[in-house]
Amino acid sequence: MQIAERVKRLGTESAFAVLAKAKHLESKGRDIIHLEIGQPDFDTPGNIKEAAIRALNEGKTGYCPTSGVQELKMAVARETSRTRGIDIQPEQVVITPGAKPIMFFTILATVNEGDEVMYPNPGFPIYESLINFVKGKPVPYPLREERNFSFDAEEFVSLVTDKTRLIILNSPQNPTGGILSRSDLKTVANVAMEKDIMVLSDEIYRRLIYDHSFHSITSIGDMMERTVILDGFSKTYAMTGWRLGYGVMNKTLAEKIELLQVNSNSCAPNFTQYGGIEALEGDQAPIDQMLAAFKERREVIVNGLNAIEGISCVKPEGAFYAFPNVTKLKISPLDFADLLLNKYGVAVLSGSSFGQYGTGYLRLSYANSIENIGKALERIAEAVQEVN
Ligand SMILES: Cc1ncc(COP(=O)(O)O)c(C=O)c1O
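Under the numbering used here, the letters of the sequence shown match residues 307 to 694, in that order.
Here you go:
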């Protein structure tokens with residue numbers, strides 16, 4: 307059987323591979339604490355589920371317009387206008403099954419062979435995978451622990467060339483929990499405007515930010531004209547399995563993204579989009595409660611990790627990931643992650659799954675109960691004693 311060359315260029319997400327390994331061990335009776343997968347451990351709030359069930363019972367079971375149900379597009383336009391301080395029309399919104407297709411479609415629609423694409427490293431592995439898929443040239447910009455996992459502005463600007471076509475931003479960030487300040491965003495905006503570069507701003511964790519306010523690059527000058535906002539419901543509303551997300555962009559690009567959608571998914575599921583409207587415009591108290599729980603867990607995991615000799619962990623500003631430095635351990639991070647899973651029953655990811663600048667770190671998702679996080683920390687401390 308022939309497999310096309312382009313497919314051979316695709317990478318993957320090791321979170322799903324480690325999850326599968328961990329589930330396999332569980333099926334054999336092992337007790338595993340899951341700190342590998344990036345999904346809230348909470349159930350979707352009841353009001354959101356009820357809205358989708360109502361839509362299902364009302365017969366919203368057929369195809370819907372390719373770019374999404376109009377009421378949801380209007381709700382997204384209102385939410386995006388309000389939270390970024392800009393004026394967004396529903397025609398600028400494309401609803402997709404999960405937010406991931408916005409990554410795929412944006413790169414397909416804006417990057418030609420040989421074009422350079424700058425992306426965060428360590429960062430979400432799918433960015434690099436897709437850049438390679440379209441034969442773009444991946445240009446990683448390092449995120450530095452000493453800068454709380456933001457980039458160095460001078461270093462960032464030095465990586466921009468006349469071939470740079472797209473810059474990918476992700477704040478709050480997976481896997482480090484770092485955020486970009488308004489001044490970092492201004493650096494990117496200046497260079498993007500000067501050199502006519504598009505930006506893909508992955509804002510999927512924007513509500514999961516703890517001590518600072520969220521800033522979007524689209525609030526600066528006319529950046530919305532050249533930016534695609536990637537956002538969605540998976541993380542904020544505990545809706546990963548619903549597969550519901552969206553992109554917000556200029557109208558010309560929205561038409562092209564819609565074309566890619568009609569050539570692939572046709573549309574996002576119809577009735578789930580009514581759950582999306584309720585998520586955006588209904589009661590926000592459950593979201594605040596989840597955020598408060600994540601904040602408490604962040605304290606427990608960061609303090610716990612820093613109490614283990616040989617491990618140090620910067621306090622993440624957002625998302626639900628801790629990214630501890632484990633270079634002082636007498637074992638490689640990959641081997642340590644394997645040991646933790648196979649012997650101690652704690653599933654974590656090696657930082658190197660997020661790119662070369664992630665080497666020397668582990669990623670722990672703290673979307674788990676305080677009790678389980680406590681148990682995991684005890685097991686990690688035991689494992690460190692074994693190897694050091
Ligand atoms: C940085 C980032 N962007 C986008 C996504 C995709 O989200 P969705 O589940 O809505 O496709 C994820 C999911 O892990 C993510 O971590």
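Positions of the beta carbon are idealized from the N, C-alpha and C atoms, including for glycine.
Using only the alpha-carbon positions, how far apart do residue i and residue j sit?
i, j, result
"residue 649", "residue 452", "32 Å"
"residue 405", "residue 642", "32 Å"
"residue 677", "residue 610", "12 Å"
"residue 635", "residue 612", "13 Å"
"residue 534", "residue 316", "22 Å"
"residue 491", "residue 363", "45 Å"
"residue 652", "residue 328", "9 Å"
"residue 345", "residue 667", "20 Å"
"residue 521", "residue 429", "19 Å"
"residue 353", "residue 360", "10 Å"
"residue 566", "residue 411", "6 Å"
"residue 556", "residue 628", "35 Å"
Under three-state DSSP, which class holds residue i?
i, result
"residue 497", "helix"
"residue 593", "helix"
"residue 698", "Missing from the structure shown is residue 698; the chain here goes from 307 to 694 and no further."
"residue 552", "strand"
"residue 407", "helix"
"residue 340", "strand"
"residue 533", "strand"
"residue 423", "strand"
"residue 625", "coil"
"residue 445", "strand"
"residue 399", "strand"
"residue 574", "coil"
Please confirm whether residue i and residue j have their CB atoms less than 9 Å apart.
i, j, result
"residue 423", "residue 564", "no"
"residue 446", "residue 661", "yes"
"residue 356", "residue 584", "yes"
"residue 587", "residue 358", "no"
"residue 546", "residue 593", "no"
"residue 554", "residue 402", "no"
"residue 622", "residue 606", "no"
"residue 552", "residue 625", "no"
"residue 654", "residue 324", "yes"
"residue 516", "residue 436", "no"
Following a CB-centred definition, is residue i positioned closer than 8 Å to any heavy atom of ligand 1?
i, result
"residue 409", "yes"
"residue 350", "no"
"residue 476", "yes"
"residue 566", "no"
"residue 479", "yes"
"residue 386", "no"
"residue 415", "no"
"residue 412", "no"
"residue 405", "yes"
"residue 334", "no"
"residue 578", "no"
"residue 510", "yes"
Taking the alpha carbon of residue i as the reference point, which residue from the options has its own alpha carbon closest?
i, options, result
"residue 431", "598, 385, 607, 474", "474"
"residue 691", "655, 653, 645", "645"
"residue 337", "693, 573, 689, 681", "681"
"residue 603", "347, 575, 320", "347"
"residue 319", "559, 514, 500, 659", "659"
"residue 548", "575, 686, 314", "575"
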